[in-house]
Amino acid sequence: MWGIPQLTDDILIIVLGVIAALLAGIIVFVIVRLVTVKRVDHEMKLLIAAKKYEAAAALGEEYLKRHKPEFAVLIALGEAYDMMQDWTKALKYYSDASITAGKNKAVYHSVVVRLARVCERLGRHKDALSYYLMILEADGSNAEVLYEIAVHHYDTRNLKKAREYIEQLLKFRPGLIDARFLYGKTLFETGQFASALKQFELLEKYDPENREVFFLKGRCLENLKMFNDAVNALETYLSFEDLIAEQRERAMTSMLQMLLKSKQHRTGVEKAEKFLGGELTDGTKKEIMYLCANLKKELGEEYKSVLMFNEIARIDPGFRDAGMIAKKYEKLVQHSILSKYFTSDEEMFDKVCRNILTNPSYQLVHRGLDQYIYLRGGNYAVFFRHIDPINYAQMSALETLIGARREAFGGCEIYALYGTDNDTSVHPWRKTSDVIERDELLKKLKKAAETLS
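Counting in the numbering used here, the sequence shown tops out at residue 453, every number present.
See below:
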């Protein structure tokens, strides 16, 4: 009979045996391949976890020489090169992995996020944003992507866009700590200090180990002129033991600036001297010395302030205006007696003034930051507490102070180291006053010092 030839039972058995052998071979091949991939993937992950990135990359590269690229191996290779900061190779392997990711959208999106992050590191910000937006188109509520887009805009200083995306994220994921921290920073950097403060106060409760929360909280409080609370926040920040020098010194400098602004001069000097007693980088040491010098000047320790400006100028003549100030007052440095006159110690200042007057019948009738005024029988003695010359406004204030007393006026002696400035020379009160200044005052100070205990 013509048609399909009939196979004998023996031939049929042989054919079926061959097919079975082929299928078994395929199954074995697939199993071996899967086992190999799993083994290599597992070993690479262990190496990466142990921070042996070069060994992990070498293992992955060796696998690819002999086998077809597999998603797990490609991802591990991308991660190894990512950790080695070889962004170009990391980008290549993440790109290859995205092609083999299959139809699982979640897996594919996770690879695209990695691609975007590597693009950021390579400075390819537009490509990074394109990757993020690609995912967001498919999944508008993807928290990770919304956060990364916000970070992208924050890093590229588009703070308005950063705020938009972070607010969108926080609407449905309000408990994301990193997102709320970024939100606080964005608000702070756009001048929304009260709103930023609320974020940092919330984070203070839920993320108390984040030291930057306390630093930024302090800066918010500073801008809101709540200086005491600001200093307290920075004190908390400085209490973290793992701060690096840059972080610690940044907080020290900020704290002293706050204390200077809030006129807490004595506290500022105490803090500055404490900071100067520790280890500081050269630049920060000069900055803190400069702040300390200004704090001392405002406190009334003007001679000690001059000494500190002189020391800064010795270290670095070009640092801010320290060299100019040191030059201006260089002749005063040798006169250590000035430390007892230009001082915040009220008792010491009063004692020096009385020793200069010699007559015990003088009564202290005014005690102020600018001057002490003594009176005896209608004669006034004014001791000016600043090194710089008396200016016109200060002379007018002095005239008002004495004129308001309505007592017999027999004359006025004014003790001022550098006398009066040029404008004040025409002031009516200056013309009727006797000014004891410069060498004459120094001579009296030295004599007065002889009787000081």
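Note that CB positions come from ideal geometry on N, CA and C, so glycine has one too.
Proximity winner among Asn158, Tyr237, Phe193, relative to Glu204 (alpha-carbon distances): Reading the sequence shown from its first residue, position 204 is the one you call residue 204. In terms of Cα proximity to Glu204, the closest of Asn158, Tyr237, Phe193 is Tyr237.
Buried versus exposed call for Glu201 [16 or more other C-beta atoms within 10 Å across all chains shown]: As a working note, residue 201 is residue 201 in the sequence shown. Burial check for Glu201: the Cβ neighbour count within 10 Å stays below 16, so the residue is exposed.
C-beta atoms of Val113 and Glu164 nearer than 8 Å: Looking up residue 113 in the sequence shown gives position 113. Looking up residue 164 in the sequence shown gives position 164. Taking 8 Å as the Cβ cut-off, Val113 and Glu164 do not qualify as a contacting pair.
C-beta contact flag for Ile390 and Glu413 at 8 Å: Here residue 390 is taken as the residue at index 390 of the sequence shown, counted from 1. Here residue 413 is taken as the residue at index 413 of the sequence shown, counted from 1. No, Cβ-Cβ distance for Ile390 and Glu413 is not below 8 Å.
Nearest-angstrom Cα separation, counted from Tyr81 out to Arg121: The count along the sequence shown starts at 1 and reaches residue 121 at position 121. The count along the sequence shown starts at 1 and reaches residue 81 at position 81. In this model, Arg121 and Tyr81 are separated by some 13 Å (Cα to Cα).
Distance, Asn232 Cα to Lys217 Cα: Along the sequence shown, read from residue 1 onward, the residue named residue 217 stands at position 217. Along the sequence shown, read from residue 1 onward, the residue named residue 232 stands at position 232. Their Cα atoms are separated by approximately 10 Å.
Ala196 versus Met289 - alpha carbon distance: As a first step, residue 196 must be located in the sequence shown, where it is residue number 196. As a first step, residue 289 must be located in the sequence shown, where it is residue number 289. One C-alpha to the other measures close to 32 Å.
4 or more residues per run - each alpha helix (DSSP H) lying fully within the region 94 to 133: Within the region 94 to 133, the complete alpha helix (DSSP H) runs of at least 4 residues are 105 to 121.
Where Ser336 falls: helix, strand or coil (DSSP): For the purposes of this step, residue 336 is identified with residue 336 of the sequence shown, where counting begins at 1. DSSP places Ser336 in coil when its eight states are reduced to three.
Which of helix, strand or coil DSSP assigns to Phe384: Mapped onto the sequence shown, residue 384 falls at position 384. In the three-state reduction of the DSSP assignment, Phe384 falls in the strand class, which pools E and B.
Local conformation of Ile390 per DSSP, three classes: Translated into positions along the sequence shown, residue 390 becomes position 390. If DSSP states are grouped into helix, strand and coil, Ile390 belongs with the strands.
Distance, Asp207 Cα to Gly300 Cα: Locating residue 300 in the sequence shown gives position 300, where the first residue counts as 1. Locating residue 207 in the sequence shown gives position 207, where the first residue counts as 1. Straight through space, the alpha carbons of Asp207 and Gly300 are spaced by roughly 42 Å.
Simplified DSSP state of Tyr183, which is helix, strand or coil: As a working mapping, residue 183 is identified with position 183 in the sequence shown. Looking at Tyr183 - three-state DSSP - the assignment turns out to be helix.
At least three beta-carbon pairs within less than 8 Å, the region 363 to 375 to the region 323 to 333: Three or more Cβ pairs closer than 8 Å define a contact, and the region 363 to 375 falls short of that threshold against the region 323 to 333.
Identified DSSP bridge partners for Val435: Taking the first residue of the sequence shown as position 1, residue 435 is located at position 435. Per DSSP, Ile414.
Minimum length 4: unbroken alpha helix (DSSP H) runs contained in the region 201 to 289: Secondary structure remark: continuous alpha helix (DSSP H) runs of at least 4 residues inside the region 201 to 289, in chain order: 211 to 223, 227 to 238, 245 to 261, 265 to 276.
Spatial distance of Met1 from Ala97 (CA atoms): Here residue 1 refers to the residue found at position 1 when the sequence shown is read from its first residue. Here residue 97 refers to the residue found at position 97 when the sequence shown is read from its first residue. Low confidence applies here, because Met1 scores a pLDDT of 44, under 50, leaving its location unreliable and the question unanswered by this model.
Local conformation of Tyr372 per DSSP, three classes: Position 372 of the sequence shown, counted from the start, is the residue given in the question as residue 372. In the displayed model, Tyr372 falls within a strand according to three-state DSSP.
Start-to-end residues for the beta strand (DSSP E) that takes in Val73: To locate residue 73, count along the sequence shown from 1; it is residue 73. Here Val73 belongs to no beta strand (DSSP E); instead the alpha helix (DSSP H) covers 71 to 83.
Residue environment, Arg430, which counts as buried when at least 16 other CB atoms sit within 10 Å: Here residue 430 refers to the residue found at position 430 of the sequence shown. Burial call: buried.
Extent of the continuous alpha helix (DSSP H) run through Ser367: Working through the sequence shown from its first residue, we reach residue 367 at position 367. Reading the sequence as shown, one finds Arg at residue 367 and not Ser. The continuous stretches of alpha helix (DSSP H) do not include Arg367, which lies in the beta strand (DSSP E) extending over residues 363 to 367.
Burial state of Met255, where buried means 16 or more other Cβ atoms lie within 10 Å: Indexing the sequence shown from 1 puts residue 255 at position 255. When all chains shown are included, Met255 counts as buried.
Contact the region 246 to 265 vs the region 275 to 290: 3+ CB pairs below 8 Å: Yes, since at least three Cβ pairs between the region 246 to 265 and the region 275 to 290 fall closer than 8 Å, the two stretches touch.
For Asn379, the residue or residues it bridges with in DSSP: By 1-based counting over the sequence shown, the position of residue 379 is 379. Assignment of beta-bridge partners to Asn379 by DSSP yields Arg376, Gly411.
Collapsed DSSP secondary structure at Thr420 in the structure displayed: Locating residue 420 in the sequence shown gives position 420, where the first residue counts as 1. Here Thr420 sits in strand by DSSP.
Euclidean distance between Cα positions of His427 and Ala416: To locate residue 427, count along the sequence shown from 1; it is residue 427. To locate residue 416, count along the sequence shown from 1; it is residue 416. Answer to the nearest angstrom: the Cα atoms are 16 Å apart.
Where the alpha helix (DSSP H) through Val426 begins and ends: Residue mapping note: residue 426 aligns to position 426 of the sequence shown, counting from 1. Unbroken run through Val426: none, as it is neither H nor E.
Alpha-carbon to alpha-carbon, Asn355 and Phe342: Residue numbering aside, residue 342 sits at position 342 when the sequence shown is read from its first letter. Residue numbering aside, residue 355 sits at position 355 when the sequence shown is read from its first letter. Phe342 and Asn355 have their C-alpha atoms roughly 15 Å apart.
Cα-Cα separation between Leu146 and Gln168, rounded to whole angstroms: Counting from one through the sequence shown, the residue named residue 146 turns up at place 146. Counting from one through the sequence shown, the residue named residue 168 turns up at place 168. About 8 Å.
Same chain only: Cβ atoms within 8 Å of Phe227, ignoring 5 sequence neighbours per side: By 1-based counting over the sequence shown, the position of residue 227 is 227. By the criterion of a C-beta distance shorter than 8 Å, Phe227 is surrounded in its chain by Leu221, Met258, Leu259, Lys261, Ser262, Gln264, once the five residues flanking it on both sides are discounted.
Beta-carbon spacing of Ala150, Ile135 below 8 Å: Here residue 150 is taken as the residue at index 150 of the sequence shown, counted from 1. Here residue 135 is taken as the residue at index 135 of the sequence shown, counted from 1. No, these two residues do not count as a Cβ contact at 8 Å.
Coarse secondary structure for Tyr329, derived from DSSP in three states: For the purposes of this step, residue 329 is taken as the residue at position 329 of the sequence shown. Look at Tyr329 here: in three-state DSSP terms it is coil, with no helix or strand label.
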